[in-house]
């Protein structure tokens with residue numbers, strides 16, 4: 040097959056992925072092989088923004104129902120494990136059920152509760168001494184917010200994190216058996232909570248899903264689990280990685296934090312730039328449904344395509360000569376950190392609100408961020424996560 044580039048594409052596989060800094064690899068792919076084939080397990084690596092957008096906006100030619108992760112190649116499902124594994128029109132109908140509580144104008148009404156969560160955590164951060172900002176801030180903040188949205192208690196927060204990590208490929212060193220046990224435990228718990236809401240409705244997302252109707256019928260347990268697992272996991276992972284990666288970026292490029300401290304009006308654009316810079320979801324897969332051409336390369340029906348969002352968000356053709364620099368004032372900023380097209384992230388408005396609130400709170404309290412030890416990245420090929428980031432936060 041033409042376009043075979045295993046020395047590059049094999050580095051995208053679990054165990055070989057340069058999680059600490061994948062951007063030199065992405066740059067080589069864009070420059071040398073923007074459509075690069077990996078024979079085992081068999082996929083095209085799509086690294087340029089134009090090609091990523093072409094796939095993301097054509098759900099007829101490129102489907103999600105045959106898997107969105109490399110580990111799913113060759114796997115079939117009786118029912119879709121998440122809404123991300125569906126295609127229009129089914130995806131459109133599902134999305135319409137849960138999108139109203141997550142729309143921007145509704146999410147904006149959560150400002151006070153999000154701010155209260157953020158304030159408690161930021162105020163508790165020690166100043167002028169080492170602290171792991173992942174453990175102290177990036178992990179608890181979005182999980183507490185999503186727990187509030189789902190209608191779960193603070194007592195659930197530790198296991199929500201454990202469950203969430205268990206279902207992200209490569210995020211933990213758990214055995215497959217243990218990860219499977221935790222995934223089942225999460226599924227049964229969420230289905231049980233949905234059953235309780237059918238008996239006594241609350242003002243929360245679990246109630247929304249539990250009582251939703253599709254074509255005149257209630258959702259079955261598989262559909263309930265599909266929705267709630269995605270809301271729980273995606274609802275905290277993206278923001279967690281944005282926060283941890285963003286604070287590391289400010290420690291490494293302190294002049295950008297100073298710009299933000301000097302001008303609070305930059306907070307919205309800073310959030311967009313941190314989303315671009317961190318690209319919290321590194322990649323998702325699609326499958327070609329017909330023979331087609333992408334990026335000047337022939338793609339056969341059944342071929343899998345790995346959309347490298349982290350690479351697209353550093354594409355010089357889109358972001359110009361400063362693509363590889365952090366710029367909190369960057370506008371326009373057409374990143375794909377939330378995906379694009381039909382599968383654009385449902386929780387984008389919430390993630391933006393959380394990030395804007397948190398940057399505002401940190402801006403008032405922290406003069407600078409200094410790394411105080413080694414940053415430990417998540418080895419996952421799917422998320423741009425951070426396991427540990429010790430820092431010293433200097434008082435403003």
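Numbering (the working numbering), first residue to last: 40 to 435. Beta carbons: idealized from backbone N, C-alpha and C, even for Gly.
| Of the residues 102, 77, 56, the one placed nearest residue 326, counting alpha carbons only | Within the chain shown, the letter at position 287 stands for residue 326. Ranking the options by Cα distance to residue 326, first place goes to 102.
- Query: Is it the case that the Cβ atoms of residue 331 and residue 99 are separated by a distance below 8 Å?
  - Reply: As a first step, residue 331 is located in the chain shown; it is residue number 292 there, counting from the start. As a first step, residue 99 is located in the chain shown; it is residue number 60 there, counting from the start. Against a cut-off of 8 Å, the Cβ pair of residue 99 and residue 331 comes out as no contact.
query: If you draw a straight line from the C-alpha of residue 60 to the C-alpha of residue 52, how long is it?
result: Residue numbering aside, residue 60 sits at position 21 when the chain shown is read from its first letter. Residue numbering aside, residue 52 sits at position 13 when the chain shown is read from its first letter. For residue 60 and residue 52, the distance between alpha carbons rounds to 14 Å.
Spell out the partners DSSP gives residue 422 in its beta bridges. Along the chain shown, one-based indexing puts residue 422 at 383. Answer is 320, bridged to residue 422.
Of the choices 47, 82, 362, 55, whose alpha-carbon is the least far from that of residue 340? Taking the first residue of the chain shown as position 1, residue 340 is located at position 301. Minimum Cα distance to residue 340 is reached at 82.
Between which residues of its own chain and residue 176 is the CB-CB distance below 6 Å, once the five residues before and five after are set aside?
Numbered from its first residue, the chain shown carries residue 176 at position 137. Shown here for residue 176: same chain residues with a beta carbon closer than 6 Å to its own, the five before and five after excluded, namely 160 in chain order.
- Query: Tell me, which residues are paired with residue 169 by DSSP?
  - Reply: In the chain shown, counting from the first residue as 1, residue 169 sits at position 130. 431.
Same chain, Cβ closer than 7 Å to residue 93, five either side skipped, listed in chain order: Residue numbering aside, residue 93 sits at position 54 when the chain shown is read from its first letter. Counting only Cβ-Cβ distances below 7 Å, and skipping sequence neighbours, we find 333.
TODO: Measure the CB-CB distance between residue 275 and residue 203 and report whether it falls below 8 Å.
DONE: As a working mapping, residue 275 is identified with position 236 in the chain shown. As a working mapping, residue 203 is identified with position 164 in the chain shown. Their beta carbons are under 8 Å apart, which means residue 275 touches residue 203 by this criterion.
> Based on the DSSP output, what are the partners of residue 102 in its beta bridges?
Replying inline: The residue you call residue 102 lines up with position 63 of the chain shown. The partner list for residue 102 (beta bridge, DSSP) reads 326.
* Can you tell me whether DSSP reads residue 121 as helix, strand or coil? -> Start at 1 with the first residue of the chain shown, and residue 121 comes out as number 82. Of the three classes helix, strand and coil, the one that applies to residue 121 here is coil, per DSSP.
* Asked: Taking C-alpha atoms, which residue in 77, 337, 386, 84 lies nearest to residue 349?
  -> Translated into positions along the chain shown, residue 349 becomes position 310. Here the closest residue by C-alpha is 84.
Beta strand (DSSP E) segment containing residue 75, residue limits: Position 36 of the chain shown holds residue 75. Going by DSSP, residue 75 is part of the beta strand (DSSP E) stretching over 74-77.
Original post:
Would you call the region 266-273 and the region 239-250 touching, i.e. three or more CB-CB distances under 8 Å?
Top reply: At 8 Å Cβ cutoff, the stretches touch.
Q. Residues in its own chain within less than 8 Å of residue 167 by CB, not counting five upstream and five downstream?
A. If you number the chain shown from 1, residue 167 lands on position 128. Contacts found: 431, 432, 433, 434.
Legend entry - Candidates 162, 115, 122: closest to residue 271 by CA position: Taking the first residue of the chain shown as 1, we reach residue 271 at position 232. If we check each option's Cα against that of residue 271, 122 comes out closest.
Checklist line | residue 187 - DSSP class collapsed to helix/strand/coil | finding: Sequence index remark: in the chain shown, residue 187 carries index 148 (1-based). In the structure shown, residue 187 sits in a helix (DSSP, three-state: H, G or I).
Practice prompt. Look up residue 56 in the DSSP assignment and say whether it is helix, strand or coil.
Written response: Numbered from its first residue, the chain shown carries residue 56 at position 17. Looking at residue 56 - three-state DSSP - the assignment turns out to be coil, as it is neither helix nor strand.
For my contact list, residue 356 and residue 312 are in at a C-beta cut-off of 8 Å; report their separation, rounded to the angstrom.
The count along the chain shown starts at 1 and reaches residue 356 at position 317. The count along the chain shown starts at 1 and reaches residue 312 at position 273. Taking the Cβ atoms as the reference, residue 356 lies roughly 18 Å from residue 312, outside the contact range of under 8 Å.
request  = Give the DSSP-derived three-state secondary structure of residue 357 in the structure shown.
outcome  = Your numbering for residue 357 matches position 318 in the chain shown. Looking at residue 357 - three-state DSSP - the assignment turns out to be helix.
Should residue 393 and residue 181 be called a contact, given that it needs their Cβ atoms to be closer than 8 Å? Start at 1 with the first residue of the chain shown, and residue 393 comes out as number 354. Start at 1 with the first residue of the chain shown, and residue 181 comes out as number 142. Yes.
Q: Count the other C-beta atoms from every protein chain shown that fall within 10 angstroms of the C-beta of residue 291, then say buried if there are 16 or more, exposed otherwise.
A: Here the question's residue 291 lines up with position 252 in the chain shown. Classification of residue 291: exposed, given that the 10 Å Cβ count is below 16.
Between residue 380 and residue 96, how many whole angstroms is the CB-CB distance? I'm expecting something under 8 Å. Within the chain shown, residue 380 is the residue found at index 341, counting from 1. Within the chain shown, residue 96 is the residue found at index 57, counting from 1. That belief holds up - the Cβ atoms of residue 380 and residue 96 are roughly 4 Å apart, short of 8 Å.
* Asked: Is there at least one non-hydrogen atom of the ligand COA closer than 7 Å to the beta-carbon of residue 120?
  -> Among the ligands in the structure shown, none appear at all, so the ligand COA cannot be discussed.
Residue burial classification, residue 119 (beta-carbon count within 10 angstroms, cutoff 16) = Sequence index remark: in the chain shown, residue 119 carries index 80 (1-based). Under this definition residue 119 is a buried residue.
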